[in-house]
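This report refers to the structure that appears directly beneath it.
Residue numbers (the working numbering): 84 to 268.
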(Lines of atoms letter the chains of each structure in order from A and count residues from 1; the text may use other names and numbers.)
(Lines give C-alpha, C1' and ligand atoms only; values in the text may rest on other atoms or scores of the structure.)
Protein backbone atom coordinates (compact mmCIF):
# COMPACT_ATOMS: atom_id res chain seq x y z
CA UNK A 1 0.00 0.00 0.00
CA UNK A 2 1.01 3.62 -0.56
CA UNK A 3 2.29 4.93 2.76
CA UNK A 4 1.34 8.45 1.71
CA UNK A 5 -2.11 7.68 0.35
CA UNK A 6 -3.96 10.10 2.66
CA UNK A 7 -1.18 12.68 2.38
CA UNK A 8 -1.34 12.72 -1.41
CA UNK A 9 -5.13 12.93 -1.51
CA UNK A 10 -4.94 16.33 0.12
CA UNK A 11 -5.34 18.97 -2.60
CA UNK A 12 -2.24 20.88 -1.47
CA UNK A 13 -0.05 17.82 -1.97
CA UNK A 14 -1.06 16.77 -5.49
CA UNK A 15 -1.77 19.32 -8.16
CA UNK A 16 -1.68 20.12 -11.85
CA UNK A 17 1.08 22.30 -13.34
CA UNK A 18 -1.46 24.98 -14.15
CA UNK A 19 -1.62 25.62 -10.41
CA UNK A 20 2.12 25.84 -9.77
CA UNK A 21 3.15 29.45 -9.53
CA UNK A 22 6.00 30.09 -11.91
CA UNK A 23 7.11 26.47 -12.32
CA UNK A 24 7.53 24.89 -15.70
CA UNK A 25 9.21 21.63 -16.51
CA UNK A 26 12.51 22.07 -18.35
CA UNK A 27 12.84 21.39 -22.05
CA UNK A 28 11.78 19.03 -23.60
CA UNK A 29 9.19 18.13 -20.93
CA UNK A 30 7.67 21.58 -21.37
CA UNK A 31 6.39 20.39 -24.77
CA UNK A 32 4.09 17.83 -23.12
CA UNK A 33 0.49 18.79 -22.35
CA UNK A 34 0.02 19.91 -18.73
CA UNK A 35 -2.47 17.07 -18.26
CA UNK A 36 0.42 14.59 -18.66
CA UNK A 37 2.06 15.67 -15.40
CA UNK A 38 1.14 15.62 -11.74
CA UNK A 39 3.22 16.83 -8.80
CA UNK A 40 3.48 14.61 -5.75
CA UNK A 41 4.94 15.50 -2.37
CA UNK A 42 6.67 12.55 -0.70
CA UNK A 43 7.89 12.09 2.83
CA UNK A 44 11.34 10.59 3.35
CA UNK A 45 11.23 6.79 3.31
CA UNK A 46 8.18 6.63 1.05
CA UNK A 47 8.09 4.15 -1.83
CA UNK A 48 7.25 5.72 -5.18
CA UNK A 49 7.17 2.40 -7.05
CA UNK A 50 8.41 -1.15 -6.58
CA UNK A 51 10.20 -3.54 -8.90
CA UNK A 52 7.71 -5.39 -11.10
CA UNK A 53 4.97 -2.77 -10.62
CA UNK A 54 3.32 -1.97 -13.96
CA UNK A 55 4.88 1.12 -15.54
CA UNK A 56 2.61 4.14 -15.71
CA UNK A 57 5.12 6.99 -15.73
CA UNK A 58 8.62 8.35 -15.66
CA UNK A 59 9.54 11.07 -13.17
CA UNK A 60 11.22 14.44 -12.75
CA UNK A 61 12.55 15.48 -9.34
CA UNK A 62 11.87 19.09 -8.38
CA UNK A 63 13.28 18.90 -4.85
CA UNK A 64 14.72 16.30 -2.49
CA UNK A 65 16.37 13.00 -3.37
CA UNK A 66 15.07 9.72 -4.75
CA UNK A 67 17.11 6.52 -4.72
CA UNK A 68 16.61 3.80 -7.31
CA UNK A 69 17.34 0.56 -5.48
CA UNK A 70 17.81 -3.09 -6.30
CA UNK A 71 18.41 -5.95 -3.89
CA UNK A 72 20.99 -8.72 -4.17
CA UNK A 73 20.10 -12.37 -3.67
CA UNK A 74 21.35 -11.94 -0.10
CA UNK A 75 18.94 -9.05 0.46
CA UNK A 76 21.58 -6.32 0.43
CA UNK A 77 20.36 -2.97 -0.86
CA UNK A 78 22.24 -1.52 -3.84
CA UNK A 79 21.53 2.08 -4.84
CA UNK A 80 21.85 2.02 -8.62
CA UNK A 81 21.03 5.71 -9.03
CA UNK A 82 20.57 8.66 -6.73
CA UNK A 83 18.36 11.28 -8.41
CA UNK A 84 18.74 14.88 -7.30
CA UNK A 85 16.79 18.06 -7.99
CA UNK A 86 16.46 18.83 -11.68
CA UNK A 87 16.96 15.22 -12.80
CA UNK A 88 14.55 12.84 -14.45
CA UNK A 89 14.53 9.16 -13.55
CA UNK A 90 12.84 5.91 -14.56
CA UNK A 91 13.22 7.02 -18.18
CA UNK A 92 13.82 3.47 -19.39
CA UNK A 93 10.38 2.63 -18.02
CA UNK A 94 8.70 4.41 -20.92
CA UNK A 95 9.83 1.44 -23.03
CA UNK A 96 9.11 -1.23 -20.44
CA UNK A 97 6.06 -3.01 -19.09
CA UNK A 98 7.33 -3.22 -15.49
CA UNK A 99 9.71 -1.18 -13.32
CA UNK A 100 13.11 -2.87 -12.90
CA UNK A 101 13.91 -1.48 -9.44
CA UNK A 102 12.37 0.25 -6.42
CA UNK A 103 12.21 4.05 -6.13
CA UNK A 104 12.39 5.44 -2.60
CA UNK A 105 12.25 9.04 -1.44
CA UNK A 106 15.47 9.35 0.57
CA UNK A 107 14.20 12.62 2.08
CA UNK A 108 11.16 14.84 1.70
CA UNK A 109 10.82 15.24 -2.05
CA UNK A 110 8.70 16.90 -4.68
CA UNK A 111 8.30 14.53 -7.62
CA UNK A 112 6.63 15.16 -10.97
CA UNK A 113 4.94 12.10 -12.40
CA UNK A 114 5.00 12.22 -16.22
CA UNK A 115 2.58 9.87 -17.96
CA UNK A 116 4.26 7.14 -20.01
CA UNK A 117 1.56 7.29 -22.70
CA UNK A 118 2.03 11.04 -23.19
CA UNK A 119 5.80 10.66 -23.64
CA UNK A 120 5.35 7.79 -26.08
CA UNK A 121 2.74 9.73 -28.07
CA UNK A 122 5.01 12.78 -28.33
CA UNK A 123 7.96 10.63 -29.45
CA UNK A 124 5.78 9.12 -32.18
CA UNK A 125 4.17 12.35 -33.37
CA UNK A 126 6.62 15.19 -32.68
CA UNK A 127 10.11 14.84 -34.22
CA UNK A 128 11.39 17.92 -32.34
CA UNK A 129 10.35 16.37 -29.03
CA UNK A 130 11.83 12.99 -30.02
CA UNK A 131 15.21 14.58 -30.82
CA UNK A 132 15.18 16.81 -27.73
CA UNK A 133 14.32 14.01 -25.32
CA UNK A 134 16.93 11.75 -26.93
CA UNK A 135 19.54 14.48 -26.44
CA UNK A 136 18.40 14.95 -22.82
CA UNK A 137 18.73 11.22 -22.13
CA UNK A 138 22.16 11.16 -23.83
CA UNK A 139 23.39 13.97 -21.54
CA UNK A 140 22.17 12.08 -18.50
CA UNK A 141 23.98 8.94 -19.68
CA UNK A 142 27.18 10.98 -20.14
CA UNK A 143 26.84 12.36 -16.60
CA UNK A 144 26.24 8.87 -15.22
CA UNK A 145 29.31 7.52 -17.03
CA UNK A 146 31.38 10.39 -15.62
CA UNK A 147 30.21 9.40 -12.13
CA UNK A 148 31.32 5.84 -12.84
CA UNK A 149 34.74 7.18 -13.86
CA UNK A 150 34.94 9.02 -10.53
CA UNK A 151 34.04 5.83 -8.65
CA UNK A 152 36.94 4.07 -10.38
CA UNK A 153 39.51 6.51 -8.93
CA UNK A 154 41.37 4.46 -6.31
CA UNK A 155 42.73 7.25 -4.12
CA UNK A 156 40.00 8.54 -1.78
CA UNK A 157 41.55 12.01 -1.74
CA UNK A 158 41.72 12.17 -5.54
CA UNK A 159 38.15 10.88 -5.79
CA UNK A 160 36.89 13.56 -3.39
CA UNK A 161 38.75 16.37 -5.18
CA UNK A 162 37.54 15.18 -8.58
CA UNK A 163 33.94 14.86 -7.39
CA UNK A 164 34.04 18.34 -5.84
CA UNK A 165 35.50 19.76 -9.06
CA UNK A 166 32.64 18.08 -10.99
CA UNK A 167 30.10 19.81 -8.73
CA UNK A 168 28.84 16.69 -7.00
CA UNK A 169 29.10 18.16 -3.50
CA UNK A 170 25.64 19.45 -2.78
CA UNK A 171 23.67 18.77 0.34
CA UNK A 172 25.15 16.83 3.22
CA UNK A 173 28.51 15.09 3.45
CA UNK A 174 26.94 11.67 4.06
CA UNK A 175 24.99 11.84 0.79
CA UNK A 176 28.06 13.09 -1.07
CA UNK A 177 30.20 10.28 0.37
CA UNK A 178 27.64 7.63 -0.55
CA UNK A 179 27.41 9.04 -4.08
CA UNK A 180 31.16 8.63 -4.62
CA UNK A 181 31.46 5.29 -2.86
CA UNK A 182 33.23 6.40 0.33
CA UNK A 183 32.35 6.43 4.01
CA UNK A 184 31.50 9.89 5.30
CA UNK A 185 34.38 9.90 7.76
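The beta carbon of each residue, even a glycine, is placed where N, CA and C say it ideally should be.
Asked, Found
"Cβ neighbour criterion (16 or more within 10 Å) applied to residue 250", "exposed"
"Rounded distance between the beta-carbons of residue 131 and residue 175, thought under 8 Å", "Rounded, the Cβ-Cβ distance is 15 Å, inconsistent with contact."
"Proximity winner among 118, 126 and 168, relative to residue 140 (alpha-carbon distances)", "118"
"Unbroken stretches of the beta strand (DSSP E), 3 residues or longer, contained in the region 118 to 158", "120 to 125, 130 to 132, 140 to 146 and 149 to 154"
"Rounded Cβ spacing between residue 146 and residue 192 (contact assumed at less than 8 Å)", "6 Å"
"Proximity to residue 190 [Cα-Cα], best of 167, 121 and 240", "167"
"4 or more residues per run - each alpha helix (DSSP H) lying fully within the region 150 to 215", "199 to 208"
"Residue burial classification, residue 211 (beta-carbon count within 10 angstroms, cutoff 16)", "exposed"
"Limits of the alpha helix (DSSP H) - the one that residue 261 falls within", "256 to 262"
"Pair within 7 Å by beta-carbon distance, residue 173 and residue 142", "yes"
"Residue 327 to residue 151 span [Cα, whole Å]", "Outside the displayed range of the chain (84 to 268) lies residue 327, so it cannot be described from this structure."
"Simplified DSSP state of residue 232, which is helix, strand or coil", "helix"
"Cβ-Cβ distance between residue 195 and residue 247 below 7 Å", "no"
"Within 7 Å, strictly: CB atoms of residue 234 and residue 264", "yes"
"Cβ separation of residue 197 and residue 112, assumed to be a contact under 8 Å, to the nearest whole Å", "6 Å"
"Residues of its chain near residue 180, where Cβ-Cβ distance is below 8 Å and the 5 sequence neighbours each way are ignored", "137 and 138"
"Cα-Cα separation between residue 245 and residue 108, rounded to whole angstroms", "30 Å"
"Nearest-angstrom Cβ-Cβ length linking residue 221 and residue 115, presumed shorter than 8 Å", "Their Cβ separation, rounded to whole angstroms, is 19 Å, which puts residue 221 and residue 115 out of contact at 8 Å."
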